[in-house]
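So in full-length UniProt numbering, spot 118 of the sequence shown is number 118, and the numbers just go up one at a time.
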Amino acid sequence: MVKTLKGEHLCVRAQSSKIATSKWIAKKIGPQLRVDRAKWLVREVLEGKYKDSYTRLPKCANLLKSENPGNMVEIKTHERIGRQLPIFKRIFICLYAMKRGFSKGCRPFFGLDGCHLKGSYGGILLAVVSVDGHNGLFPIAFAVVES
């Protein structure tokens, strides 16, 4: 327990460290950085680039719709001239089971929450939720939209 507090700090601030020099840090974490870089290159070769994965979204959306016609999936892209691939703008997903669960077992109100995505492409992740019979959050729909 703190009994007294002296507000003035009298210690001298050190401008250099004799233990953790830049050479020492490079020696310690250098190999790990090389391993991480190699791991990302292998992942890129096997799975493709993040940028290319956006071209698969329409196929995934059509698959969701065909497997269950009650599913709602909407994708908005910006079409470009020529043979260039369209630019992804936003996606909205609401599965039929989520809609049905909301209408059958949730209280008749919902909340909207969002968070900013800090990756290479940014955007905002939005989630629509309600409260179920056990006072738990029940997801209804989600979307990724541009900032």
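C-beta: ideal position from N, C-alpha, C; glycine also.
> Can you check whether the CB of residue 110 is closer than 8 Å to the CB of residue 127?
Replying inline: No, they are not a contact pair.
> residue 72 to residue 119, Cα distance in whole Å?
Replying inline: 26 Å
> How long is the line joining the alpha carbons of residue 106 and residue 136, rounded to whole angstroms?
Replying inline: 10 Å
> Quick one: Cα of residue 20 to Cα of residue 28, how far?
Replying inline: Cα-Cα distance, rounded: 10 Å.
> When we look at the beta-carbon of residue 130 and count the other beta-carbons within 10 Å, is it buried (16 or more) or exposed?
Replying inline: buried
> At what residue ranges does the region 15-102 contain a whole run of the beta strand (DSSP E), taking only runs of 3 or more?
Replying inline: 72-78, 87-94
> So what's residue 105 in DSSP terms, helix, strand or just coil?
Replying inline: helix
>> So for residue 138, helix, strand or coil by DSSP?
In response: strand
>> Below 8 Å, how does it come out for the region 64-71 and the region 96-105: are there three or more Cβ pairs, yes or no?
In response: yes
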